[in-house]
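Report on the following structure.
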Amino acid sequence: MNNNYTTIDSLSQHTNREVSIAGWLYNKRGSGKIQFIIIRDGTGLCQCIIEKGKVSDELFEQLKHLGQESSLSVTGTIRADERSVGGYELAATDAQVICPAEGYPITPKSHGIDFLLKNRHLHLRSHLQWCIGKIRHTVIDAVRRFFNDNGFTLIDTPIFTAIAGEEQQSLFEVDYFGSPLHLTQTGQLHLESAAMSFGRVYCFGPTFRAEKSKTRRHLTEFWMVEPEVAFIELDGLLELAENFVSSIVARVLKDNKSQLETLGADIASLEKITPPFYRLTYTQCVEILTSERARGFLAGQLQEMQEQKQQTEAKIAELEKQQAGQIKQWQRDKNAAELIELRSELAEINTKIENNPKHAQLAAEFTWGKDLGGSDETIISQMHDKPVFVTHYPKQAKAFYMKTDRENEKVVLNFDLLAPAGFGEIIGGSVREDDYERLVARINEQGLNAENYEWYLDLRKYGSVPHGGFGLGIERTVAWITNQKHIRQCIPFPRMMDKVYI
RNA sequence: UCCCCGAUAGCUCAAUUGGUAGAGCGAGCGGCUGUUAACCGCUAGGUCGUAGGUUCGAGCCCUACUCGGGGAGCCA
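Residue numbers for the first sequence follow this note's numbering, so the first one is 1 and each next one is one higher.
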C-alpha cells in the first residue's frame, strides 16, 4: 500500500499511537455530546469515538448528519476496548469526509432477497456478504494449494467447446463465427487427455449449465474444480476426495474462524470433517431409503417440525394477545418485530411440513435403477454427521464415460459426495471407461455421435490406463461450510435461471 | 415444463366475519457523555402488482395476466 492510511485489521499493532484510517460509514449512533461511528475499510470494522470538544464543532455537526456509506478518513488514537467491535477503537481528533452519501438503500434492518439481489452491487458491502467472500477466497486458495502441493499440474480447459460431457443436459449455445458452439459444462474430457501427459492434473474455472432448475442448489454459471488422475481406481479417488475436502475445511477453520462465527456456521461439526468419510453403495442407499429406519427418521422429523410449529403458533398467539391489550409502547414495538420473525419462521416450517410427506413418498417408492433425487440425497445426508460417499450407481442413470464395474455390469464405478446435515451433493466423479470397444458401445447406446468423440476415443487407443477424477462445486462447498441456505449468496454475482440482475 | 405460496409506505411486514389503510426500521427535526440492529419525542411518506368481475361497499371474494419465492425433474 502506498497511502498513509492504516488498515483496520492491523490496528492491534498501533495501540496508543495516532493513525488515520479510511473507509465507509457502516453505522453510527449519536448521544448528544458523543458519537460512535463504525467505519469499514474492507479489512474489518472499527468504531470511532467522536467527542464534542475533541474535534471542531463544525466537524462534529457534519459527522452527526453523515449518511450511511459516506466515504471518509478519520485520524485519532487507537486504544483497546472490549466494548468495541474489533476489540480496538479510535478516539478521533480529526476527520475528513471524502464523499457524503444520502439515502443508501440497504439499511441495517432486514431485507428481502429480491431487493438485495437487485442491489447486489451494494449488498456486497454488507458484513455477511463480506464474511462469505473472505471464506470463498480461502476455499479457492485451499483448493489450489492442495493440488499444487500434491503433484498436480494446472491445465486450463476451453470455455468454448464442441462436445458435451453429460448427455441430455441443456447447454448454452453460442454463435461462433456462424456455427453453433457450447459454453463448457465440464473440463473433464479435455482434462483426461492432459492426464495422459502429466499424470495428475486439475482445471478450475467457470462452468455453464442451462438446466431449468429453480432450487437453492443451482446456478447457471458456477465455479468448479476438477482433478483427473492417471493410474487410479475408485478407492484411490475416494481417498483423494476426502483428503481434499478435509483440507479445505481445516484451512477455513484456521483462517476464518471469526467469519464462521459471524455467519452462524456449525464450527463443532466442521471440526469433525476428517477422513475417513462414510462409504455407501447406491444399492445400500436404496435399501436405506425404502427401509423402516428412513420412514421412522422422516416421521420423527415431521413430528419435531409439528411440535416446532405448535410452539411457534402459541408464541404468535400470545404476542398477538399482548398487542391487543394495553401495554407499553416499547414492549409493543419489540413484540411487533418478534412477530414478523416468528411469522416467517412459521411459513418456513409449514413448507417443510408440506414437503416432508412428498419426500417420504419419493423415498419409499424408490426403485433400483433411478438416479437419486435431490430430496433422496438430502435424506441420506441428514442421517449422517459426516460427508457420505455414494458409489456404484446404475449404469443407465449415468453418463457414457463412466467405467462399467467388471464385477457387476449393471453399475458404474462412480461416486457422489454428499455434505452432511442435508446440504447434499458437492462432488460428482467416476473412474472413466478405459476400454475402447466398451466406450464406443456406450456412446452408441446413448445415441451420441461417435464421430464427435474421435479424439476422446484416441485416448483409449494409445496407451489407455485406468484413470478417473471428479468435480467439486465451489459455491455448494462454500454454502455448506458457511451454513448458507442458498448458493446464490456464495458467488459475488449470481446467474440464475431466467435471471441476471447485475 | 409441473406443483405450492406470495405481491400493501424507500425497506420488512400487519389489517379480526368484506365496512374510513397501520406498525417498526429508514429519512427529516429535536433530546440524551459509552452506544452495540442504542434509546425517547415530533414530522413527512400509500392509485393496496396489472386488467376485468361480484357487491350498497373489495387490500380481503372470483377470473385472467405479470413479477417474485419455495419445491419436483436434472445436476456441482
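The beta carbon of each residue, even a glycine, is placed where N, CA and C say it ideally should be.
DSSP, read as helix, strand or coil, puts Gly187 in coil.
Here the C-alpha atom of Pro108 lies approximately 19 Å from the C-alpha atom of Asn335.
Every unbroken stretch of the beta strand (DSSP E) spanning 3 or more residues and falling wholly within the segment 331 to 402 is given here in chain order: 388 to 391. In chain order, Phe366, Trp368 place their CB closer than 7 Å to the CB of Val286, counting only its own chain and leaving out the 5 sequence neighbours on each side. A buried status is given to Trp223, since no fewer than 16 other beta-carbon atoms sit within 10 Å of its beta-carbon. If only complete runs of 3 or more residues are kept, the segment 455 to 495 shows the beta strand (DSSP E) at 467 to 473, in order along the chain.
The beta carbon of Gly23 sits closer than 6 Å to the beta carbons of Ile39, Arg40, Asp41 from its chain, once the five residues preceding and following it are set aside; these are given in chain order.
Excluding residues up to 5 positions away in sequence, Asn335 lie with their Cβ nearer than 7 Å to the Cβ of Gln322 in the same chain.
Following the DSSP letters along the chain, one finds Ala250 inside the alpha helix (DSSP H) bounded by residues 234 to 255.
Under DSSP, Ile37 takes part in a beta bridge, and its partners are Lys28, Cys48. By the Cβ criterion, the segment 461 to 472 is not in contact with the segment 267 to 283, since fewer than three pairs of Cβ atoms, one from each stretch, lie closer than 8 Å. Excluding residues up to 5 positions away in sequence, Val225 lie with their Cβ nearer than 6 Å to the Cβ of Phe204 in the same chain. Under DSSP, Asn408 shares a beta bridge with Asp405.
The segment 178 to 186 and the segment 147 to 154 do not touch, with fewer than three beta-carbon pairs separated by less than 8 Å.
Judged by DSSP secondary structure, Asp266 falls outside any alpha helix (DSSP H); it is assigned neither H nor E. Straight-line measurement puts the Cα of Leu413 at about 10 Å from the Cα of Glu407.
Residue Gly422 holds the alpha-carbon nearest to the alpha-carbon of Gly373 among Gly422, Arg343, Ser344, Val139. For Ser464, the CB contacts under 8 Å within the same chain, skipping 5 residues up- and downstream, are Asp434, Asp435, Tyr436 in chain order.
In this structure Val249 is not in contact with Leu260, their Cβ atoms being roughly 10 Å apart against a cut-off of 8 Å.
The shortest C-alpha to C-alpha distance from Glu338 to any of Glu348, Glu320, Glu354 is the one to Glu320.
With a minimum length of 4 residues, the unbroken runs of alpha helix (DSSP H) contained wholly in the segment 275 to 322 fall at 282 to 289. In this structure, Arg125 sits near Glu69, with a CB-CB distance shorter than 8 Å.
Sorting Val74, Tyr88, Ile140 by C-alpha distance to the C-alpha of Ala95 places Val74 at the top.
Of the residues Lys395, Tyr202, Thr477, Leu191, the one whose Cα lies closest to the Cα of Phe146 is Tyr202.
Cα atoms of Gln484 and Cys490: separation of roughly 8 Å, rounded to the nearest angstrom. When the five nearest sequence neighbours on each side are left out, the beta carbons in the same chain lying within less than 7 Å of the beta carbon of Thr220 are those of Phe208, Arg209, Ala210, Arg495, Met496, Met497, in order along the chain. Spatial neighbours of Arg29 in its own chain (CB-CB distance under 6 Å, excluding positions within 5 residues in sequence) are listed in chain order as Phe36. In the DSSP annotation of this structure, Glu82 is not part of any alpha helix (DSSP H), being labelled neither H nor E. According to DSSP, Glu211 shares a beta bridge with no other residue. The beta-carbon separation of Val440 and Leu457, rounded to 7 Å, stays under the 8 Å limit for a contact. DSSP, read as helix, strand or coil, puts Lys499 in strand. Judged by DSSP in its simplified three-state form, Gly205 adopts strand.
In this structure Ser71 is in contact with Ile98, their Cβ atoms being roughly 4 Å apart against a cut-off of 8 Å. According to the DSSP assignment, Glu102 belongs to no alpha helix (DSSP H), since it is labelled neither H nor E.
Around Asn148, the same chain offers Leu154 as residues with beta carbons nearer than 8 Å, after the five sequence neighbours per side are excluded. Checking the DSSP bridge columns, you'll see Ile21 partnered with Val74.
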